[in-house]
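Novice: My structure is below; once you've seen it, I'll send some questions.
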Amino acid sequence: MDSEVIGKEDWQELQNNLEATIPVYDKINNFATLGQVSKWRRMVRKKLPDEGLILEIGCGPGSFAEDVEGKDLVCLDPIPEMLRIAKMRVSDKRTKRGDKEAKFVEGKAEELPFEDNYFDTVCTLFSFRDWFDKRKGLSEVRRVLKPGGELIIVDPAKINYFHGLLGHFWMKYWVGTYARIVCKQKEHPWKWLTKTYISFGTTRKYEKMMIEEGFESVKGRVIFPGMATIWSGKAPASEKFE
Ligand SMILES: C[S@@+](CC[C@H](N)C(=O)[O-])C[C@H]1O[C@@H](n2cnc3c(N)ncnc32)[C@H](O)[C@@H]1O
6 MDSEVIGKED WQELQNNLEA TIPVYDKINN FATLGQVSKW RRMVRKKLPD EGLILEIGCG
66 PGSFAEDVEG KDLVCLDPIP EMLRIAKMRV SDKRTKRGDK EAKFVEGKAE ELPFEDNYFD
126 TVCTLFSFRD WFDKRKGLSE VRRVLKPGGE LIIVDPAKIN YFHGLLGHFW MKYWVGTYAR
186 IVCKQKEHPW KWLTKTYISF GTTRKYEKMM IEEGFESVKG RVIFPGMATI WSGKAPASEK
246 FE
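Written out as structure tokens, the structure is:
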């Protein structure tokens, strides 16, 4: 795997492993991030506009989407089982809050099943590193964003080689040991977290890629204490996607 493209077979195996994480997804994620994951999700929710249509790409079991309050929301994921769980969780909370039903769509970032200039904001949390063609995915996001619409990405931080090495050890030993205990199996699906992190590029690399794919006002900010990056960028305000 390289940091731009994941081969077809590897991606399929990654998907099978992601599906296997569903029962313990939130538990292990909380442990892996020392509880910081809720703070990062809150940061993204605060950046969402008051009005307009929002797309979450790679919604997984709905851990972020369920707390998006009072906004029109579309959740996309390629794994039907993820969408099934997300729909239960998200719809339950939205009904209780009196929010309009969210939409759940099966699909991939690289072939978004939406028309041009459709969304006001697109966000993707802990999914970007799993996209099999990140450049294609970014170009698709730009296509479906309205002029001036924002893309927000959250994924693990990798500032440089040494920081990446620390992250690798953290995932392999800290998260890996816990996942082995929780999943009660040596060959647990969280091994893929380490694999995708190793092949993931630096914060700067994806900042550059976003600019190359036509985003403006691009920022990549490593969030204290250095475990995650939040990237943001806007579709050009003045022109429609061509
Ligand atoms: C770790 S989950 C993230 C769940 C959720 N966003 C959160 O905040 O916890 C990653 C999700 O990204 C999805 N994914 C993987 N490759 C994708 C792609 N190419 N396009 C869209 N989603 C993808 C996976 O199916 C998985 O459900």
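Residue 220 in the numbering used here sits at position 215 of the sequence shown, and the numbers go up by one each step. The C-beta atom is built at its ideal place from N, Cα and C for all residues, glycine as well.
Beta carbon of K76, beta carbon of I59: below 8 Å?
Specialist: For the purposes of this step, residue 76 is identified with residue 71 of the sequence shown, where counting begins at 1. For the purposes of this step, residue 59 is identified with residue 54 of the sequence shown, where counting begins at 1. For K76 and I59, yes; Cβs fall inside 8 Å.
Novice: Using only alpha-carbon positions, find the residue among G154, D135, W197 and S237 that is nearest to S243.
Specialist: Residue mapping note: residue 243 aligns to position 238 of the sequence shown, counting from 1. When only C-alpha atoms are compared, the closest one is G154.
Novice: For a test of your reading of the model: does the CB of I59 fall under 7 Å from any non-hydrogen atom of ligand 1? Yes or no.
Specialist: As a first step, residue 59 is located in the sequence shown; it is residue number 54 there, counting from the start. No, the beta carbon of I59 sits no closer than 7 Å to any heavy atom of ligand 1.
Novice: Any heavy atom of ligand 3 closer than 7 Å to the Cβ of P241?
Specialist: With respect to ligand 3, the structure offers nothing, as its ligand set consists of ligand 1.
Novice: Can you pull the DSSP bridge partners for T129?
Specialist: One-based indexing of the sequence shown puts residue 129 at position 124. DSSP output for T129 lists I158 as bridge partner(s).
Novice: Indicate the three-state DSSP secondary structure (helix, strand or coil) for S8 in the structure shown.
Specialist: Numbered from its first residue, the sequence shown carries residue 8 at position 3. Note: S8 maps to coil in three-state DSSP.
Novice: Return the bridge partner residues of A233 from the DSSP annotation.
Specialist: To locate residue 233, count along the sequence shown from 1; it is residue 228. In the DSSP output, where bridge partners are listed per residue, A233 has P161 and I228.
Novice: How far does the alpha helix (DSSP H) with D55 in it reach, from first residue to last?
Specialist: Position 50 of the sequence shown, counted from the start, is the residue given in the question as residue 55. Taken as a continuous stretch (DSSP letters only), D55 belongs to no alpha helix (DSSP H), as it is neither H nor E.
Novice: Measuring straight from C-alpha to C-alpha, what distance separates V79 and G65?
Specialist: For this step, residue 79 is matched to residue 74 along the sequence shown. For this step, residue 65 is matched to residue 60 along the sequence shown. Computed Cα separation, rounded: 13 Å.
Novice: Go to G108, then tell me how far its beta strand (DSSP E) extends in each direction, as first and last residue.
Specialist: Taking the first residue of the sequence shown as 1, we reach residue 108 at position 103. The sequence as given places Lys at residue 108; Gly does not occur at that position. Start and end: K108 to E111.
Novice: Excluding the 5 residues flanking K98 on each side, which residues of the same chain have their C-beta closer than 6 Å to its C-beta?
Specialist: Working through the sequence shown from its first residue, we reach residue 98 at position 93. If we look at K98 and ignore the five residues flanking it on each side, its Cβ neighbours are E71.
Novice: How close, in whole Å, do the beta carbons of K151 and D125 come, if the pair is a contact with beta carbons under 8 Å?
Specialist: Along the sequence shown, read from residue 1 onward, the residue named residue 151 stands at position 146. Along the sequence shown, read from residue 1 onward, the residue named residue 125 stands at position 120. 6 Å between Cβ atoms; contact.
Novice: List the endpoints of the continuous alpha helix (DSSP H) containing L198.
Specialist: Translated into positions along the sequence shown, residue 198 becomes position 193. K196 to S204 is the span of the alpha helix (DSSP H), which, as asked, contains L198.
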